[in-house]
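Novice:
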Amino acid sequence: MKRNYFLFKMSYAGVYDLGKEKIAFAKRDAIRFQEFGYNSDKIAETEALVEQLRTTERDAELLGEQVRKTHERNTLDTLVRANIRKIQVRLETVYSESNPTFLSLFKVSDLSKITYSELILEGERILRKCRTYSSELTVNGITETLVNEFENVLSQLRETSIDQKLKVADRDYASGNRLQLANNVYKQIFDICAIGKAIWIDENEALYNDYVIYENQYSTPEVTEEVPEIPPTIEPIPVLG
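Residue 47 in my numbering is what sits at position 47 of the sequence shown, and the numbering runs on without skipping anything.
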């Protein structure tokens with residue numbers, strides 16, 4: 001997997017502020033910039049990139065969606081495990097002595113420890129057994145209503161698990177795109193500053209200093225919060241037969 005990298009040592013907000021400031025100086029010195037082939041169209045193009053960075057979704061927004069979906073999945077996970085246990089307890093009271101082989105058809109090893117994907121597979125297996133033996137199970141408390149409720153919550157878990165994985169992937173993709181955009185903005189600003197310094201190096205020290213990038217000036221705690229991380233290992237979605 002390609003690793004993201006930063007061309008700058010400041011926050012995304014810092015890159016935006018830096019861009020706005022240096023573009024303002026470039027507009028002020030627009031006539032001199034034309035000597036270097038950097039015309040008003042080029043300045044406008046860079047300014048549009050800076051504004052695009054401002055309106056791009058922040059990682060905190062994307063994380064919020066991911067956390068919400070994760071909470072939904074965890075809630076449904078608990079319900080599915082509870083429903084499986086409810087079915088098992090009903091069967092154990094009837095078949096533990098008279099038909100242990102039949103009871104084993106509904107057994108799930110380490111129910112509390114299996115993963116989301118394993119839980120979905122085991123849930124689908126138990127649901128199929130409930131449908132297959134519905135007439136026998138109904139008289140022993142595994143009613144059609146109970147089975148339908150189990151099927152519904154299991155279906156919700158499967159859909160929510162997929163949605164949660166997509167939110168993780170969306171966040172990683174958007175974070176990478178935002179970083180690429182910020183890098184592009186920084187490169188454009190760096191070019192502006194190189195031209196500005198070349199213009200004023202032997203003419204005006206104060207104007208020359210307008211194009212010096214003091215990165216610490218634009219640093220904020222945001223940079224430590226928004227560094228895109230290596231995406232977590234995503235559990236594969238089970239394919240049901």
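No residue lacks a Cβ here, since even glycine has one placed at the ideal position from N, Cα and C.
1. Cα separation between residue 212 and residue 193?
2. Straight-line CA distance for residue 285 to residue 204?
3. Starting from residue 73, follow the alpha helix (DSSP H) in both directions and report where the run begins and ends.
4. If you check the beta carbons only, do residue 91 and residue 79 fall under 8 angstroms apart?
5. Excluding the 5 residues preceding and the 5 following residue 140 in the sequence, name in chain order all residues of the same chain whose CB lies nearer than 6 angstroms to its CB.
6. Under the three-state reduction of DSSP, which class applies to residue 118: helix, strand or coil?
7. What residue range does the alpha helix (DSSP H) around residue 14 cover?
8. In whole angstroms, what separates the C-alpha of residue 54 from that of residue 176?
9. For residue 47, which of 189, 110 and 172 has the nearest alpha-carbon?
10. Which term fits residue 83, buried or exposed, when burial requires 16 or more other beta carbons within 10 angstroms of its beta carbon?
11. Indicate whether the contact test is met: 3 or more Cβ pairs, each with one atom in the segment 56-69 and one in the segment 150-170, closer than 8 angstroms.
12. Is it right to say residue 154 is buried, meaning 16 or more other beta carbons lie within 10 angstroms of its own, or is it exposed?
13. Nearest to residue 116 by alpha carbon, out of 44, 57, 38 and 77?
14. Looking only at its chain, what residues have a beta carbon closer than 8 angstroms to the beta carbon of residue 20, apart from the 5 residues adjacent to it on each side?
15. Leaving out the 5 sequence neighbours to the left and right, which residues in its chain are closer than 8 angstroms to residue 220 when beta-carbon positions are compared?
16. Going by C-alpha distance, which of 29, 107, 138 and 7 is nearest residue 124?
17. Hey, how far is the Cα of residue 16 from the Cα of residue 181?
18. Tell me which residues share the same chain as residue 127 and place their Cβ nearer than 6 angstroms to its Cβ, disregarding the 5 neighbours each side in the sequence.
Specialist: Put simply:
1. In the sequence shown, the residue the question calls residue 212 occupies position 212. In the sequence shown, the residue the question calls residue 193 occupies position 193. Taking the straight line joining both Cα atoms gives about 7 angstroms.
2. Residue 285 is absent from the structure shown; the chain starts at 1 and stops at 241.
3. Against the sequence shown, residue 73 aligns to sequence position 73. For residue 73, the enclosing alpha helix (DSSP H) begins and ends at 59-95.
4. Indexing the sequence shown from 1 puts residue 91 at position 91. Indexing the sequence shown from 1 puts residue 79 at position 79. The answer is no: Cβ separation not under 8 angstroms.
5. The count along the sequence shown starts at 1 and reaches residue 140 at position 140. Taken in chain order, the residues that qualify are 94.
6. Here residue 118 corresponds to residue number 118 of the sequence shown, with the count starting at 1. DSSP places residue 118 in helix when its eight states are reduced to three.
7. Here residue 14 refers to the residue found at position 14 of the sequence shown. Start and end: 12-28.
8. One-based indexing of the sequence shown puts residue 54 at position 54. One-based indexing of the sequence shown puts residue 176 at position 176. If you take the alpha carbons of residue 54 and residue 176, they lie about 15 angstroms apart.
9. Position 47 of the sequence shown, counted from the first residue, corresponds to residue 47. For the residues 189, 110 and 172, the minimum Cα distance to residue 47 belongs to 189.
10. Numbered from 1 along the sequence shown, position 83 holds the residue referred to as residue 83. By the neighbour-count rule (16 or more Cβ atoms within 10 Å), residue 83 is buried.
11. yes
12. Numbered from its first residue, the sequence shown carries residue 154 at position 154. The residue in question, residue 154, is buried, as its Cβ has 16 or more Cβ neighbours within 10 Å.
13. For the purposes of this step, residue 116 is taken as the residue at position 116 of the sequence shown. Among 44, 57, 38 and 77, the Cα nearest to that of residue 116 is on 77.
14. Walking along the sequence shown from the start, residue 20 turns up at place 20. Close CB contacts of residue 20 within its chain, under the 8 angstroms cut and outside five residues either way in sequence, are with 50 (chain order).
15. On the sequence shown, residue 220 is found 220 positions in, with the first residue counted as 1. Confidence at residue 220 is low in this model, with a pLDDT of 48, below 50, so the placement of that residue is unreliable and no value is reported for it.
16. Along the sequence shown, one-based indexing puts residue 124 at 124. The shortest Cα separation from residue 124 among 29, 107, 138 and 7 belongs to 107.
17. Sequence index remark: in the sequence shown, residue 16 carries index 16 (1-based). Sequence index remark: in the sequence shown, residue 181 carries index 181 (1-based). Using only the alpha carbons, I get a separation of about 11 angstroms.
18. For the purposes of this step, residue 127 is taken as residue 127 along the sequence shown, with counting starting at 1. For residue 127, where only same-chain residues beyond five positions count, the Cβ hits under 6 angstroms are 151.
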